[in-house]
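If you use the working numbering, the sequence shown closes out at 666, no skipped numbers anywhere.
Taking it in order: structure first as structure tokens, then the write-up.
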Amino acid sequence: MEENQLLDHPLSKKPRSEISSSSVHYMFGSILQYCMASSNPMEKQYEIGHRIGSRVLLLLTFRDKLKREIKVVNILSFISQQCWRILFGRQGDLFKCGDNQNDYMLTDHKFMLTKYCHEPRGDSFIDYGAFAAGIIEGILCDAEFPATVTAHTLNPDPKDRTVTFLIKFFPEALNRETKMTG
């Protein structure tokens, strides 16, 4: 007799309506509350996101039997298209930063996690993108593309939910790609 197990279903083929956005926002609010109790809430969000990113990559490669990416552009496309759609319900926009070959930007103009968020009272500041930046870095590091990822909100207007993630690859990630491709 075949047993229907949760891990046997591919993530990418699940309907979007399977997890409601209110559940995701409730979970994210709980993560924020947990992080605000620590001495460095942004670092804590980043750390939790990093662990989730590692597991997302592991789960997607296991379920969908994906090949290992060896090019920076391919892993970034994988993150901005497949991972972003699975995690946040839409595709992210990927851009190259000017002349520096190590820098890329991933932009989400309607970042889902900021939809119901508001600024905390008092002097405290919450960077809502730190969690997702940690997820991106976790995926990249586990895919052996060492990089640092930072989140930036360009417009202080709370109705504008645009978040840009700056991805700075370490030189060894690009040197390895050059050695492997030619």
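Every residue, glycine too, gets a C-beta built ideally from N, C-alpha and C.
Please read these numbers as outputs of a predicted model, since none were measured by experiment.
| query | What whole-angstrom Cβ distance do Phe-579 and Tyr-588 have, given they're in contact under 8 Å? | reply | Translated into the one-based positions of the sequence shown, residue 579 becomes position 95. Translated into the one-based positions of the sequence shown, residue 588 becomes position 104. The pair is a contact, with the Cβ atoms about 7 Å apart (cut-off 8 Å).
| said: Starting from Phe-649, trace the beta strand (DSSP E) in both directions and tell me its first and last residue. | reply: Here residue 649 is taken as the residue at index 165 of the sequence shown, counted from 1. Taken as a continuous stretch (DSSP letters only), the beta strand (DSSP E) holding Phe-649 covers 647–653.
| Euclidean distance between Cα positions of Asp-611 and Met-526 | Here residue 611 refers to the residue found at position 127 when the sequence shown is read from its first residue. Here residue 526 refers to the residue found at position 42 when the sequence shown is read from its first residue. Between the alpha carbons of Asp-611 and Met-526 lies a gap of roughly 7 Å.
| query | Terminal residues of the continuous beta strand (DSSP E) containing Met-589? | reply | As a working mapping, residue 589 is identified with position 105 in the sequence shown. Its beta strand (DSSP E) spans residues 587–592.
| task | Ignore the nearest five residues each way along the sequence and tell me which others in His-636's own chain have a CB closer than 6 Å to its CB. | result | Mapped onto the sequence shown, residue 636 falls at position 152. Hits under 6 Å: Thr-648.
| request: Quick one: residues in its chain with C-beta nearer than 6 Å to the C-beta of Phe-654, no 5 flanking neighbours on either side, listed in chain order? | output: As a first step, residue 654 is located in the sequence shown; it is residue number 170 there, counting from the start. The residues are Pro-630.
| query | Closest by CA to Leu-542, which one among Cys-567, Ser-561 and Ser-522? | reply | If you number the sequence shown from 1, residue 542 lands on position 58. Looking at the Cα atoms, Cys-567 is the closest of the given residues.
| field | Chain-order list of residues whose beta-carbon lies under 6 Å from that of Glu-656 (same chain, five-residue window excluded) | value | Against the sequence shown, residue 656 aligns to sequence position 172. Hits under 6 Å: none found.
| Roughly how many whole angstroms lie between the Cα atoms of Thr-662 and Met-520? | As a first step, residue 662 must be located in the sequence shown, where it is residue number 178. As a first step, residue 520 must be located in the sequence shown, where it is residue number 36. Going by C-alpha positions, Thr-662 is about 42 Å away from Met-520.
| field | Thr-632 (DSSP reduced to helix, strand or coil) | value | Position 148 of the sequence shown, counting from 1, holds the residue named residue 632. Per DSSP, reduced to three states, the secondary structure at Thr-632 is strand.
| task | Could you pull out every residue in the same chain whose Cβ sits closer than 6 Å to the Cβ of Phe-615, ignoring the five residues on either side in sequence? | result | Along the sequence shown, read from residue 1 onward, the residue named residue 615 stands at position 131. Gln-529 and Gly-533, listed in sequence order.
| message | I need the boundaries of the beta strand (DSSP E) containing Lys-580, first residue and last residue. | response | The residue you call residue 580 lines up with position 96 of the sequence shown. For Lys-580, the uninterrupted beta strand (DSSP E) run begins and ends at 577–580, by DSSP.
| said: Could you compute how far the alpha carbon of Gln-489 sits from the alpha carbon of Arg-547? | reply: Along the sequence shown, one-based indexing puts residue 489 at 5. Along the sequence shown, one-based indexing puts residue 547 at 63. When rounded, the distance between both Cα atoms is 12 Å.
| What's the call for Gly-576, buried or exposed, on a 16-neighbour Cβ count within 10 Å? | As a first step, residue 576 is located in the sequence shown; it is residue number 92 there, counting from the start. The residue is buried, with at least 16 neighbouring Cβ atoms inside 10 Å.
| Member of Asp-626, Ile-619 and Thr-632 whose CA lies at the smallest distance from the CA of Arg-552 | Residue mapping note: residue 552 aligns to position 68 of the sequence shown, counting from 1. Ranking the options by Cα distance to Arg-552, first place goes to Asp-626.
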